[in-house]
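Residue numbers (my numbering), protein chains in the order written: chain A, 5 to 469; chain B, 5 to 469. For every residue, glycine included, the Cβ atom is placed at its ideal position computed from N, Cα and C. Predicted, not measured: the structure shown is a model, and the values here were computed from it.
2 protein chains.
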Amino acid sequence: MTQRPIRLNAFDMNCVTHQSPGLWRHPDDASWRYKDLGYWLDLARLLERGRFDALFIADVLGVYDVYGGSRDAAVRHAAQVPVGDPLLTVPAMATVTRHLGFGITASTGFEHPYPFARRMSTLDHLTKGRVGWNVVTSYLESGARNIGLMGQASHDERYDIADEYLEVCYKLWEGSWEDGAVLRDKGSGVFADPSRVHAIEHEGRWFQVPGVHLCEPSPQRTPVIFQAGASARGRRFAGRHAEAIFTSGPTTEIIGPLVADLRAELEAAGRRREDAVVYTMATVVVDETSRGAWAKHDELRAHGSDEAALVLLSGWTGLDLSGHDLDAPLQGGHQDAIQSAATAFLGSHPDGRPWTLRDISAWASIGGRGPVFVGSPAEVADEMQHWVEETDVDGFNLAYAIAPGTMRDVVELLVPELQRRGVHRTEYEDSSLRDRLFGAGDRLPERHTGAAFRRTPDTAAAELP
Amino acid sequence: MTQRPIRLNAFDMNCVTHQSPGLWRHPDDASWRYKDLGYWLDLARLLERGRFDALFIADVLGVYDVYGGSRDAAVRHAAQVPVGDPLLTVPAMATVTRHLGFGITASTGFEHPYPFARRMSTLDHLTKGRVGWNVVTSYLESGARNIGLMGQASHDERYDIADEYLEVCYKLWEGSWEDGAVLRDKGSGVFADPSRVHAIEHEGRWFQVPGVHLCEPSPQRTPVIFQAGASARGRRFAGRHAEAIFTSGPTTEIIGPLVADLRAELEAAGRRREDAVVYTMATVVVDETSRGAWAKHDELRAHGSDEAALVLLSGWTGLDLSGHDLDAPLQGGHQDAIQSAATAFLGSHPDGRPWTLRDISAWASIGGRGPVFVGSPAEVADEMQHWVEETDVDGFNLAYAIAPGTMRDVVELLVPELQRRGVHRTEYEDSSLRDRLFGAGDRLPERHTGAAFRRTPDTAAAELP
Chain A
5 MTQRPIRLNA FDMNCVTHQS PGLWRHPDDA SWRYKDLGYW LDLARLLERG
55 RFDALFIADV LGVYDVYGGS RDAAVRHAAQ VPVGDPLLTV PAMATVTRHL
105 GFGITASTGF EHPYPFARRM STLDHLTKGR VGWNVVTSYL ESGARNIGLM
155 GQASHDERYD IADEYLEVCY KLWEGSWEDG AVLRDKGSGV FADPSRVHAI
205 EHEGRWFQVP GVHLCEPSPQ RTPVIFQAGA SARGRRFAGR HAEAIFTSGP
255 TTEIIGPLVA DLRAELEAAG RRREDAVVYT MATVVVDETS RGAWAKHDEL
305 RAHGSDEAAL VLLSGWTGLD LSGHDLDAPL QGGHQDAIQS AATAFLGSHP
355 DGRPWTLRDI SAWASIGGRG PVFVGSPAEV ADEMQHWVEE TDVDGFNLAY
405 AIAPGTMRDV VELLVPELQR RGVHRTEYED SSLRDRLFGA GDRLPERHTG
455 AAFRRTPDTA AAELP
Chain B
5 MTQRPIRLNA FDMNCVTHQS PGLWRHPDDA SWRYKDLGYW LDLARLLERG
55 RFDALFIADV LGVYDVYGGS RDAAVRHAAQ VPVGDPLLTV PAMATVTRHL
105 GFGITASTGF EHPYPFARRM STLDHLTKGR VGWNVVTSYL ESGARNIGLM
155 GQASHDERYD IADEYLEVCY KLWEGSWEDG AVLRDKGSGV FADPSRVHAI
205 EHEGRWFQVP GVHLCEPSPQ RTPVIFQAGA SARGRRFAGR HAEAIFTSGP
255 TTEIIGPLVA DLRAELEAAG RRREDAVVYT MATVVVDETS RGAWAKHDEL
305 RAHGSDEAAL VLLSGWTGLD LSGHDLDAPL QGGHQDAIQS AATAFLGSHP
355 DGRPWTLRDI SAWASIGGRG PVFVGSPAEV ADEMQHWVEE TDVDGFNLAY
405 AIAPGTMRDV VELLVPELQR RGVHRTEYED SSLRDRLFGA GDRLPERHTG
455 AAFRRTPDTA AAELP
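Shown next, in the form of structure tokens:
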């Protein structure tokens, strides 16, 4: 078995029952505490105890209203609504941790890059270099309608806008304040040398930003760029920008080729295959014994909600999954489209029969689109090592079935097993998030597209008239 | 002497040397630690120890570039640049306090109300009802240029936009989720009753927001509305919306009539004179003895910077104060406009002669536009009580000369004196920020304009077809 390290990342969202629709009803679930600081402080401490790379906080700015053409089922089941702002949990968690990274989802479609770049720099300062940004370009149409963007941009055009959005951010983060611009010299009275603070003078197709960045350089300058888009255009975008990539799919057969393709995109963008860390989504149900784990699993399954799962799946696929017999084979008319989507995503049904909605909702009711690893610590560790070997992923983006129980089991039972095998760190180095991922310092490497926007004394002088 | 309580609010900004230009050079100043969480945690603990109502965090999204037509002097002196996002300091401070309120500045010109309303609800949840929003409509032109808004709206039109922006927010905060909509009933599996969660269907001149609010109701729903605009249109806006109003001016003669006018605006808007708490800006230099305080004051003055003060004053007034003899009377040409502005704002010079730039910059170099109260605890307390009596303000918005020294002196020396006089609380009640200010519960009172957007089971039923 490979001794390749297995990276662990946690997946959460500022809502009830993130990837386990209906499981807020489980007697031990306390994910409804998402609006209390204590929920986040406890989670952050737990993940740092488990030596995780980072906590990745998903987001949607809208409600799931494809199912039945209404938001009612989403509201009833708390299917990712209500949902709070992800960014605001991070400064609190930073107060009780020293090492854990934080990846925050923010869309390039909702806020102008000028104030957004300031938000991220502020957070990188406050966390001392522990911040990642999960770049999202798409969003639920129900969200876009509320900020007047409906129909404004096609899928591919959204990525073009995102490319320019990142260019503005790189210019602000990398190119506005030179290293050494801040002198903070009480004697001479010079806080910063204005000749080393540059206006970015960006004039693009979608954004005009003439000014200087409002923040002095933060430890990482550019936050670690996360990306999770699965389309061809999304993978190209990831190849160019991403330093951590999140995939999701149920089997190694589906994830393996995806990872190969992502690494090829990295090379196509002039980067190295290992220049992005790839995490694939999974949920762990672990107990001291295999039997105990399966009992836990069955009990979790019993508390899931088919309808809540179909609400999320309808939103993800754009197909209204309401109004059908859950146990009939999906065939004919509108159902053929559902059957194709299911087969494309899940592969053929293991029994060779058509998928039913019951199959699909059961599969999605724990851990959304990822696999569920059930077993003793050794069994789950075996499965994870198998996945890493088969797919070339660097690690896992771990969702929870119930909070905080799922993650507590991971930290208390699985992590020690991985550590025993020598595939998971036992201590943190003192470092920024980027340095933890790549071991090459806090800043973007020279071969990353963002590095081209740096201003050094030399490049700055070269531009003088 | 009046026994009227004196409310204390602290004034800060996510930057170096907020209202005391140049004083980052003072040997004891550590305001450059603004980018460390520790700065904010220490400050929050200190203010809670001093039983302050709240910490008010100012903001500008731009740089001061009127002075000399360039940002260079602002950068050199750290005159409110670099400046970080104010919002992100709050969740961290909430982890180490239980009572202190937080007023955050955010402009209605920079972010769409739909995501903004979610940010504030999230923060009100995380702080358990301790959040205020300082509504800003204007901004430095240097900021507006960077988000493509240059010349988009006149001063008065900006207030019209802000009125609609608040209407959208009130609808989301007060009218979308009824009280009792969230059932969280594990038995029936109903998290929230969709019939009690309403789309706001806002179609206005500037904003179209059809959807539901993304957050379940937070303790205060609408954050406490702060306002600081001093123009006639700004005062009208405050009369309609504000629950805490911040004024600034050097003398009781200037502040008294302003407070009277603000209270009249409240009545004109169908509210009570006491429906907004008025804080006026001041800086306290206190020591055990009068002599010690004056020595401190002189030492602070010696570390101020004329140029840094003129940078801020140029930005505030829009008049370029560069290039003149600091000690010559301001007379003739462009200087007449400066003389008029100074006289309008400061009154006539006490010696009957014209103001010089040296006078103006010295006056602004500690505590910006407010008075400086220098003396023993008893002397400063006398002065504060005198101000309250003369002007009808409810309390003070206290800036610092140096951080954390100024505020530490206030908490350790002045606060005990005010407590001894029975004009400052010795313990907090367990309450939301709004309840602390008005003692009438967590929610907006019925007579506030925002309350009209509430949905109760009755109003909701009345709208059914």
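Residue-level contact to chain A via CB, residue i, 9 Å cutoff
{"i": "B:R188", "result": "yes"}
{"i": "B:S222", "result": "yes"}
{"i": "B:R123", "result": "yes"}
{"i": "B:H81", "result": "yes"}
{"i": "B:A196", "result": "yes"}
{"i": "B:K478", "result": "Only positions 5 to 469 of chain B appear in this structure, which leaves residue 478 of chain B out of reach."}
{"i": "B:A366", "result": "no"}
{"i": "B:T410", "result": "no"}
{"i": "B:H22", "result": "no"}
{"i": "B:L422", "result": "no"}
{"i": "B:G133", "result": "no"}
{"i": "B:T287", "result": "no"}
{"i": "B:P469", "result": "Any answer about B:P469 is weak, because its pLDDT of 41 lies below 50 and its placement is not dependable; what the coordinates show is given next. No, B:P469 lies away from the interface with chain A (no Cβ there is under 9 Å from its Cβ)."}
{"i": "B:L490", "result": "As displayed, chain B neither begins before 5 nor continues past 469, which places residue 490 of chain B out of reach and without an answer."}
Separation of residue j from residue i, as counted between CA atoms
{"i": "B:L413", "j": "B:H390", "result": "Per the sequence presented here, residue 413 of chain B reads as Asp, with Leu not at that position. Approximately 21 Å, taken between the alpha carbons."}
{"i": "A:L468", "j": "B:V67", "result": "Here the model assigns A:L468 a pLDDT of 46, short of 50, so the residue's position is not dependable and the matter cannot be decided."}
{"i": "A:R244", "j": "A:H452", "result": "8 Å"}
{"i": "A:A293", "j": "A:M411", "result": "One detail in the question is off: residue 293 of chain A reads as Thr in this sequence, not Ala. Distance between the alpha carbons of A:T293 and A:M411 is about 17 Å."}
{"i": "B:R459", "j": "B:S344", "result": "51 Å"}
{"i": "A:A14", "j": "A:A83", "result": "19 Å"}
{"i": "B:L402", "j": "B:T287", "result": "5 Å"}
{"i": "B:R373", "j": "B:S252", "result": "6 Å"}
{"i": "A:Q7", "j": "A:M388", "result": "12 Å"}
{"i": "B:A110", "j": "B:V186", "result": "29 Å"}
{"i": "A:G193", "j": "B:L130", "result": "40 Å"}
{"i": "A:V290", "j": "A:P90", "result": "28 Å"}
In DSSP terms, what residue i is bridged to
{"i": "B:P333", "result": "B:T360"}
{"i": "A:G2", "result": "Outside the shown range of chain A, which is 5 to 469, sits residue 2 of chain A, and nothing can be said about it."}
{"i": "A:M285", "result": "A:N401"}
{"i": "B:D16", "result": "B:I61"}
Minimum Cβ-Cβ distance from residue i to chain B less than 9 Å
{"i": "A:G316", "result": "Residue 316 of chain A is actually Leu in this sequence, not Gly. By this cut-off, A:L316 is not an interface position."}
{"i": "A:A348", "result": "no"}
{"i": "A:C219", "result": "yes"}
{"i": "A:G147", "result": "yes"}
{"i": "A:V70", "result": "no"}
{"i": "A:D89", "result": "yes"}
{"i": "A:T99", "result": "yes"}
{"i": "A:S352", "result": "no"}
{"i": "A:V228", "result": "no"}
{"i": "A:P31", "result": "yes"}
{"i": "A:I165", "result": "no"}
{"i": "A:Y118", "result": "yes"}
{"i": "A:E383", "result": "no"}
{"i": "A:S435", "result": "no"}
{"i": "A:R75", "result": "yes"}
Near the ligand NAD: residue i beta-carbon under 8 Å from a heavy atom
{"i": "A:G147", "result": "The ligand NAD is not part of this structure, which contains no ligands at all."}
Contact with chain C by residue i, beta-carbon distance below 9 Å
{"i": "B:E168", "result": "Note that chain C does not occur in the displayed structure, where the protein chains are A and B."}
In chain order, which continuous runs of the alpha helix (DSSP H) of length 4 or greater are located wholly inside the segment 127-204 of chain A?
145-150, 159-174
Any beta strand (DSSP E) of 3 or more consecutive residues that is wholly inside the segment 194-266 of chain A
Secondary structure in the segment 194-266 of chain A: the beta strand (DSSP E) runs of 3 residues or longer, each lying completely within the stretch, are 194-196, 228-231, 248-251 in chain order.
Determine contact between the segment 117-130 of chain B and the segment 168-181 of chain B, defined as no fewer than three beta-carbon pairs at a distance below 8 Å.
Yes, since at least three Cβ pairs between the segment 117-130 of chain B and the segment 168-181 of chain B fall closer than 8 Å, the two stretches touch.
Complete beta strand (DSSP E) runs within the segment 418-452 of chain B (minimum length 3 residues, chain order)
none
Counting Cβ pairs, one atom from each stretch, are 3 or more of them under 8 Å apart for the segment 433-452 of chain B and the segment 321-335 of chain B?
no
Given 8 Å as the limit, is there contact between the segment 129-149 of chain B and the segment 57-74 of chain B, that is, 3 or more CB pairs closer than that?
yes
Does the structure place the segment 413-422 of chain B close enough to the segment 381-396 of chain B that three or more beta carbon pairs sit under 8 Å?
yes
Three Cβ pairs or more, each shorter than 8 Å: is that satisfied between the segment 54-63 of chain A and the segment 86-104 of chain B?
no
Cβ contact (3+ pairs, closer than 8 Å) linking the segment 265-281 of chain A and the segment 346-354 of chain A
Taking a cut-off of 8 Å on C-beta distances, the segment 265-281 of chain A does not touch the segment 346-354 of chain A, as fewer than three cross pairs fall below it.
Please determine if the segment 276-285 of chain A and the segment 195-205 of chain A are in contact, where contact requires at least 3 C-beta pairs separated by less than 8 Å.
no
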